[in-house]
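Trainee: In this note's numbering, the protein residues as written are 230 to 368.
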């Protein structure tokens, strides 16, 4: 079973919005996708422009990013159930639309999210500021 825990609890919405606002601008959308849509980090960073339907508020998860032996890549999700479509809350769709304006992509196959540094390392410190002792992208 997927460990989404608090991710899908509607009461976490304000917390996720506060955390997203505390992140650098290029990581705001990533934080909301993981926190409010229940995507794993690797699924979120593997999204391409063609996987995001802002009008229908749908994310189509077909791939996941991985790091193995110092090599980064993308491949299919871990299980067949990992291939799915997820409905985004309106606030996430709006954040993704803004992200695309701020960080345009060159083609439909280009990665949607621009990750230039290490958001995973920034998250624990941000969690403490919001009363969360062990924060990760799956918190």
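All C-beta atoms in this analysis are idealised placements derived from N, C-alpha and C, irrespective of residue type, glycine included.
Exposed or buried, what is residue 309 when buried is set at 16 or more other beta-carbons lying within 10 Å of its beta-carbon?
Mentor: exposed
Trainee: Since residue 277 contacts residue 339 with CB under 8 Å, what's their CB separation in whole angstroms?
Mentor: 6 Å
Trainee: Figure out for me which residue from 256, 268 and 252 has the closest Cα to the Cα of residue 292.
Mentor: 268
Trainee: Mapping the DSSP letters down to three states, classify residue 340 as helix, strand or coil.
Mentor: strand
Trainee: Can you tell me whether residue 248 is helix, strand or coil according to DSSP?
Mentor: helix
Trainee: In terms of alpha-carbon separation, which member of 275, 330 and 321 lies closest to residue 246?
Mentor: 321
Trainee: Return the first residue and the last residue of the beta strand (DSSP E) that residue 320 is part of.
Mentor: Counting along the chain, residue 320 falls outside any beta strand (DSSP E), though it belongs to the alpha helix (DSSP H) covering 319-331.
Trainee: Going by DSSP, which residues form a beta bridge with residue 315?
Mentor: 288
Trainee: Output the distance between the C-alpha atoms of residue 324 and residue 285, rounded to the nearest integer angstrom.
Mentor: C-alpha separation (whole angstroms): 14 Å.
Trainee: Go through its chain and collect everything with a Cβ distance to residue 294's Cβ below 6 Å, but skip five positions before and after it.
Mentor: 271, 274, 275 and 303
Trainee: Helix, strand or coil for residue 279, going by three-state DSSP, please let me know.
Mentor: If DSSP states are grouped into helix, strand and coil, residue 279 belongs with the helices.
Trainee: How long is the line joining the alpha carbons of residue 279 and residue 318, rounded to whole angstroms?
Mentor: 19 Å
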